[in-house]
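Numbering-wise (my numbering), the sequence shown opens with residue 138 and increments by one.
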Amino acid sequence: MNGKNRGFTLIELIVVILILGILAAIAAPRFVDLTGQARIAAMNGLRAAVQSAATLANALQVAQGLTANQSVTIEGATVTMTNGYPSASGGGIDAAVRFDTATFSTTGTMTFQMKAMTTCNFSYAAAAFTTQPPLIGTVVTTGCS
Numbered sequence: 138m139n140g141k142n143r144g145f146t147l148i149e150l151i152v153v154i155l156i157l158g159i160l161a162a163i164a165a166p167r168f169v170d171l172t173g174q175a176r177i178a179a180m181n182g183l184r185a186a187v188q189s190a191a192t193l194a195n196a197l198q199v200a201q202g203l204t205a206n207q208s209v210t211i212e213g214a215t216v217t218m219t220n221g222y223p224s225a226s227g228g229g230i231d232a233a234v235r236f237d238t239a240t241f242s243t244t245g246t247m248t249f250q251m252k253a254m255t256t257c258n259f260s261y262a263a264a265a266f267t268t269q270p271p272l273i274g275t276v277v278t279t280g281c282s
């Protein structure tokens with residue numbers, strides 16, 4: 138052989154391709170389910186935003202000295218209040234949160250869900266008493282993938 142030949146032999150190339158194939162077979166399943174995990178994370182983020190908006194609306198109402206069922210204005214939006222927290226009807230918690238309507242939607246009972254995924258959701262129930270915060274359900278993740 139001539140000493141000037143430089144490059145890889147066919148066996149070396151096949152070994153490298155084989156190693157890359159094995160790595161791809163091991164790594165690929167770990168990245169396949171990222172869409173479902175992203176949806177779950179988005180729903181958990183929206184749930185935290187709903188909880189924070191309810192708390193902040195309550196704090197604003199108390200700070201302004203308003204009665205428990207008096208509406209508050211948050212960044213120009215009027216938020217309907219029930220027992221010191223945003224109501225579960227239109228103009229209540231949905232106005233306080235200002236969520237992305239292209240990704241999330243609500244139903245009449247204030248169930249927040251991913252668009253076109255009715256089983257990837259959580260519910261919001263207005264405060265029953267002025268001494269209790271609203272009930273915010275845990276995220277149902279069975280339909281998020």
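Where a beta carbon is used, it is the ideal one built from N, C-alpha and C, also for glycine. Keep in mind the model is a prediction, meaning the values are calculated, not measured.
Residue-chain proximity (residue i, chain B), Cβ-Cβ < 8 Å
i, result
"M247", "The chain inventory of the structure shown lacks chain B, comprising one protein chain alone."
Cβ-Cβ distance between residue i and residue j below 8 Å
i, j, result
"M247", "C281", "no"
"M283", "A196", "The structure shown has nothing for residue 283, since the chain only spans 138 to 282."
"I230", "A191", "yes"
Of the residues the options, the one placed nearest residue i, counting alpha carbons only
i, options, result
"A233", "I177, Q198 and L147", "Q198"
"A178", "G221, P223, T192 and F241", "F241"
"Y261", "T244, V169 and A225", "A225"
"M251", "V169, G202 and A175", "A175"
Collapsed DSSP secondary structure at residue i in the structure displayed
i, result
"N206", "coil"
"A190", "helix"
"A239", "coil"
"M247", "coil"
"A175", "helix"
"P271", "coil"
"N181", "helix"
"V276", "coil"
Same chain, Cβ closer than 8 Å to residue i, neighbours up to 5 away in sequence not counted
i, result
"A214", "A232, A233 and R235"
"T172", "S282"
Beta-carbon contacts of residue i that lie in its chain and below 7 Å, excluding the five residues immediately before and after
i, result
"A264", "T219, N220, G221, Y222, P270 and P271"
"I211", "A194, L197 and A233"
"N181", "V276"
"A200", "none"
"S208", "T215, V216, T217 and M218"
"L203", "V209"
"L147", "none"
Distance between residue j and residue i (C-alpha atoms, nearest Å)
i, j, result
"R167", "T256", "24 Å"
"N206", "T279", "36 Å"
"V153", "A164", "16 Å"
"F266", "Q188", "17 Å"
"L150", "I159", "14 Å"
"S243", "A161", "Note on identity: in this sequence residue 243 is Thr, with Ser being the wrong assignment. So the two alpha carbons sit approximately 40 Å from each other."
"D237", "G228", "15 Å"
"A239", "T268", "35 Å"
"V169", "N142", "43 Å"
Other residues of its chain near residue i: CB distance less than 6 Å, five sequence neighbours each side excluded
i, result
"F259", "R184, F249, G274 and V276"
"A186", "V234"
"G144", "none"
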